[in-house]
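Taken in order, these protein sequences are the chains called A and B. Position 13, counted from 1, in the first sequence is what our numbering calls 21; the numbers after and before it change by one each time, with no gaps. Position 114, counted from 1, in the second sequence is what our numbering calls 128; the numbers after and before it change by one each time, with no gaps.
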Amino acid sequence: MKKSAIFIVLLVILSLGICGCGKDDSSQIKIGVIAELTGDIPAVGASCKNAAEMAAAEINDAGGIQLAEKKYKIKLIIEDNAGKADQSASSAQKLITQQKVTAIVGPNASRYALPAAEIAESGKVVLITPWSTAPKATLDSKTGASKKYVFRACFIDPFQGGVLAKFALDNLHLKKAAVLYDVASEYNKGIAEIFREVYEKNGGKVVAFETYTTNDKDFSSQLTKIKKAAPDVIFLPNYYSEVPLQIQQAKRLGITVPFIGSDSWGSEELIKLCGKDCNDYYFSTHYAADAATDATKKFIANYKSKYGTTPDDVAALTYDSFGLLWQALKTAGKNDRQAVRDALAKIPLYGGVTGNMQFREGSGDPVKSAVILKIKDGKFTWFANAKP
Amino acid sequence: MVYIFQQALNALQLGSIYALIALGYTMVYGILTMINFAHGDLFMIGAFFCFLIAVYLHLSFVPTLLLSMLGVAFLGVIIERLAYKPLRNAPRVSAIITALGVGLFLENFTLALSPYPQHIPPLLENTTWTLGTLSISSLQILVIVLSLVLMLLLDFIVQRTKAGMAMRAISWDKTIVPLMGVPVNKIISLTFAIGTGLGGSAGMMYGLAYPVIDPYMGIMVGWKAFISAVIGGIGNIRGAMIGGFILGAVEIMVAAFFPSTYRDFVAFTLLLILLIVRPYGILGKPQPQKV
């Protein structure tokens with residue numbers, strides 16, 4: 009009896025220690041971050057976390073953020089969604105109900121942003137996803153109207169898919185395309201379908217439209233089929249961990265046509281996994297580190313000195329998400345969920361490190377431009393701009 | 015015609031890897047009537063051993079293969095001793111749950127070391143030969159030939175050696191055979207060593223053929239190899255080989271002639287029908303239940 013009583017007391021003490029439920033500090037603003045720190049795209053989560061910590065440190069080093077008469081320090085609460093949709097939803101729930109955060113940044117990939125966005129919307133807390141380009145993330149799942157509390161810092165797939173389709177037709181002059189995409193992933197599927205639609209509307213022909221499911225490693229059957237269809241270009245709107253396998257297997261099967269990709273390629277990890285095989289291919293993304301303007305250059309230099317690598321698009325977009333959030337907080341003038349949401353929706357043109365952006369009237373989707381990068385000797389280099 | 019031949023080559027490559035992993039499931043089941051669900055993760059460990067050896071020790075192909083096989087075999091034996099042996103007489107469900115737990119442990123242990131997908135450097139110079147529109151890569155040939163050699167070697171061990179005879183005897187009757195002086199524990203360890211070693215070699219070949227490896231790579235491949243073992247008749251070694259090649263062929267050919275979105279759907283419907291017709295697998299024998 010006595011033993012179990014001691015055990016229970018110990019448990020209680022331990023659990024208190026773990027959740028850290030100390031006194032609520034009123035001079036702090038809590039911001040939740042949901043990142044893919046483990047799972048299938050850990051490089052994305054790591055960039056998001058790095059940029060988030062950098063953005064918060066900049067505010068805290070300056071003494072905090074000034075709202076009305078008081079200066080508030082920023083406290084980040086970073087959650088790992090382990091690359092799982094269910095864990096993204098539960099992380100959002102935890103941040104909203106237990107941690108009582110003012111706003112949430114992340115998750116990044118659309119298949120994780122969607123469930124988290126649903127929770128944020130019903131919990132009436134602002135969620136800014138830095139990198140989710142699937143249109144559905146900011147749309148109400150029932151009515152199809154815009155969500156009220158979900159915003160993003162990036163362009164959306166209908167725009168990106170269109171940019172890529174026109175790039176293949178007008179810049180590369182390739183009229184026959186094949187597409188290979190992950191049918192089980194929201195993002196890949198969405199952009200593949202939009203690419204096909206725009207490409208065919210503008211005079212191109214999609215000769216093969218092949219799919220696989222997440223975690224497949226063997227694409228030989230689909231690629232053999234694609235080879236038989238003899239396309240001029242192959243579009244791979246897939247994540248950086250899968251693209252190298254697809255390109256290498258295609259080359260082994262004797263496919264020599266160029267490949268193009270979408271913003272899911274834009275991680276330094278792609279080069280590490282792909283080596284020389286990805287050279288001379290193009291992909292669309294959010295910003296070009298090598299063609300940066302002044303404010304962006306400063307951000308890149310700071311990030312580099314802190315983490316030793318060039319910030320990828322996820323890092324830049326996360327930084328912009330926080331920039332938007334700081335501005336909304338300042339406009340709102342108080343640490344209040346509803347006030348932050350109202351201020352964010354009304355932000356005038358915001359100049360971020362990934363370019364100028366402005367939310368469409370009544371929507372969480374910003375209007376902004378894209379860039380096309382070329383992989384040259386293992387480096388991402390700027391190739392072209394695409395205006396909205 | 016060339017198209018079909020190319021797809022057949024693809025199917026052989028995928029099938030030989032499934033078959034190699036399926037052997038591990040079937041050997042353990044044959045002897046212990048237990049399904050080692052950690053086997054897919056041991057396959058993953060094989061790929062990671064290959065990665066570590068190739069990157070940090072810079073060994074060439076053959077020593078890398080032998081070392082990763084040995085490493086995984088050793089790990090398999092240790093797992094058997096620590097996790098499965100204490101449960102040998104426990105209900106079968108406990109052993110299965112333990113196996114799942116071991117699998118999760120291996121995944122999360124690798125994950126804790128590094129969540130990033132890793133790239134295995136090419137250990138052999140890959141050449142691609144083209145005959146008309148047909149492309150054959152040396153890697154493809156290597157995977158197929160090496161798998162066949164390993165399978166023939168295993169078949170020889172089980173059918174022609176004394177240890178193999180002991181294995182077959184134990185799978186026949188676990189209570190009487192020890193009375194004949196067969197060291198049961200040693201034979202079970204040997205079975206685990208061979209089964210997981212083959213899984214490790216499959217991990218390495220998979221890693222060479224699909225050089226991006228991650229801690230979760232063993233889950234899906236493990237499941238598919240398990241299905242191969244069931245199709246072939248679980249517990250039957252030749253059945254596992256046949257099952258692996260059948261599953262590889264069905265997956266590739268369905269994607270080759272149907273829209274690839276239907277691949278898994280059509281492939282697994284075909285396999286379900288096969289199991290309805292032959293519930294004990296192709297080479298499995300029905301075991302009448304005594305009342």
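Where is the CB? At the ideal position from N, CA and C, for every residue including glycine. Being a predicted model, the structure only gives us computed values, none of them experimental.
Contact with chain B by residue i, beta-carbon distance below 8 angstroms
{"i": "V215 (chain A)", "result": "no"}
{"i": "L357 (chain A)", "result": "no"}
{"i": "R466 (chain A)", "result": "Any property of residue 466 (chain A) remains undetermined from this structure, which presents chain A solely from 9 to 396."}
{"i": "Y220 (chain A)", "result": "yes"}
{"i": "E277 (chain A)", "result": "yes"}
{"i": "Q335 (chain A)", "result": "no"}
{"i": "K31 (chain A)", "result": "Here K31 (chain A) scores only 48 on pLDDT, less than 50, and its place in the model should not be relied on; the value that follows carries that caveat. Not an interface residue."}
{"i": "C27 (chain A)", "result": "The predicted position of C27 (chain A) is uncertain, since its pLDDT is 49 and thus under 50; no value can be drawn from it."}
Among the options, nearest to residue i - alpha-carbon criterion
{"i": "V116 (chain B)", "options": "B:I171, B:I59, B:S185 and B:T189", "result": "B:I59"}
{"i": "G370 (chain A)", "options": "A:A124, A:I355 and A:S377", "result": "A:I355"}
{"i": "A59 (chain A)", "options": "A:Q346, A:K184, A:A216 and A:V322", "result": "A:V322"}
{"i": "G146 (chain B)", "options": "B:V291, B:Q20 and B:L297", "result": "B:Q20"}
{"i": "V172 (chain B)", "options": "B:G195, B:Y32, B:S161 and B:I201", "result": "B:I201"}
{"i": "I67 (chain A)", "options": "A:D94, A:Q36 and A:A192", "result": "A:Q36"}
{"i": "I242 (chain A)", "options": "A:L278, A:G283, A:Y157 and A:F291", "result": "A:F291"}
{"i": "K188 (chain B)", "options": "B:G214, B:L127, B:I266 and B:R102", "result": "B:R102"}
{"i": "V16 (chain B)", "options": "B:A87, B:V107, B:I150 and B:P229", "result": "B:I150"}
{"i": "L162 (chain B)", "options": "B:V107, B:I256 and B:V235", "result": "B:I256"}
{"i": "G359 (chain A)", "options": "A:L281, A:A303 and A:K209", "result": "A:A303"}
Cβ neighbours of residue i in the same chain (closer than 6 angstroms, five flanking residues each side left out)
{"i": "C29 (chain A)", "result": "At C29 (chain A) the pLDDT is 47, less than 50, meaning the model places this residue with poor confidence and gives no usable figure here."}
{"i": "S203 (chain B)", "result": "V91"}
{"i": "T100 (chain A)", "result": "Reading off the sequence, residue 100 (chain A) comes out as Ala, not Thr. Answer for A100 (chain A): A124, I127 and A128, listed in chain order."}
{"i": "A63 (chain A)", "result": "Y327 and F330"}
{"i": "G214 (chain B)", "result": "G60, S82, M83 and V86"}
{"i": "C27 (chain A)", "result": "Bear in mind that a pLDDT of 49 at C27 (chain A), under 50, signals an unreliable position, so the number given afterwards is only what the model happens to contain. Once the five neighbours on either side are set aside, C27 (chain A) has no close Cβ partner at all."}
{"i": "A216 (chain B)", "result": "I31, L34, I35 and F57"}
Backbone secondary structure at residue i - three-state DSSP
{"i": "G117 (chain B)", "result": "helix"}
{"i": "E277 (chain A)", "result": "helix"}
{"i": "Y290 (chain A)", "result": "strand"}
{"i": "I296 (chain B)", "result": "coil"}
{"i": "R160 (chain A)", "result": "strand"}
{"i": "S215 (chain B)", "result": "helix"}
{"i": "P143 (chain A)", "result": "helix"}
{"i": "S203 (chain B)", "result": "helix"}
{"i": "A216 (chain A)", "result": "strand"}
{"i": "G146 (chain B)", "result": "coil"}
{"i": "P374 (chain A)", "result": "strand"}
{"i": "V7 (chain A)", "result": "Residue 7 (chain A) is absent from the model: chain A starts at 9 and stops at 396."}
{"i": "A111 (chain A)", "result": "strand"}
{"i": "V379 (chain A)", "result": "strand"}
{"i": "V187 (chain A)", "result": "strand"}
{"i": "L84 (chain A)", "result": "strand"}
{"i": "Q106 (chain A)", "result": "coil"}
{"i": "G221 (chain B)", "result": "helix"}
{"i": "F388 (chain A)", "result": "strand"}
Neighbourhood of residue i by C-beta, 7 angstroms cutoff - its chain only, sequence neighbours within 5 removed
{"i": "G170 (chain A)", "result": "I202 and V206"}
{"i": "N196 (chain A)", "result": "Y189, D190, P245 and N246"}
{"i": "I67 (chain B)", "result": "L73, T78, L81 and S82"}
{"i": "K233 (chain A)", "result": "A216 and E218"}
{"i": "W273 (chain A)", "result": "Y248, V251 and F291"}
{"i": "K92 (chain A)", "result": "G47"}
{"i": "L23 (chain B)", "result": "I150 and Q154"}
{"i": "L164 (chain B)", "result": "L34, L212 and S215"}
Rounded distance between the beta-carbons of residue j and residue i, thought under 8 angstroms
{"i": "A254 (chain B)", "j": "S242 (chain B)", "result": "6 angstroms"}
{"i": "I39 (chain A)", "j": "V113 (chain A)", "result": "7 angstroms"}
{"i": "V361 (chain A)", "j": "R368 (chain A)", "result": "Not quite, the Cβ-Cβ distance comes to about 21 angstroms (not below 8 angstroms), so this is no contact."}
{"i": "P143 (chain A)", "j": "A43 (chain A)", "result": "Incorrect: roughly 22 angstroms between the Cβ atoms, too far for contact."}
{"i": "F57 (chain B)", "j": "I93 (chain B)", "result": "Not quite, the Cβ-Cβ distance comes to about 13 angstroms (not below 8 angstroms), so this is no contact."}
{"i": "V158 (chain A)", "j": "L135 (chain A)", "result": "5 angstroms"}
{"i": "V280 (chain B)", "j": "V291 (chain B)", "result": "Rounded, the Cβ-Cβ distance is 17 angstroms, inconsistent with contact."}
Test: residue i CB closer than 8 angstroms to a CB of chain A
{"i": "T310 (chain B)", "result": "No answer is possible for residue 310 (chain B): it lies beyond the span of chain B, which begins at 15 and ends at 305."}
{"i": "D228 (chain B)", "result": "yes"}
{"i": "S151 (chain B)", "result": "yes"}
{"i": "D278 (chain B)", "result": "yes"}
{"i": "Q173 (chain B)", "result": "no"}
{"i": "H133 (chain B)", "result": "yes"}
{"i": "M83 (chain B)", "result": "no"}
{"i": "P192 (chain B)", "result": "no"}
Own chain partners of residue i with C-beta closer than 8 angstroms, once the 5 adjacent residues on each side are dropped
{"i": "K183 (chain A)", "result": "L177, G211, G212, K213 and D240"}
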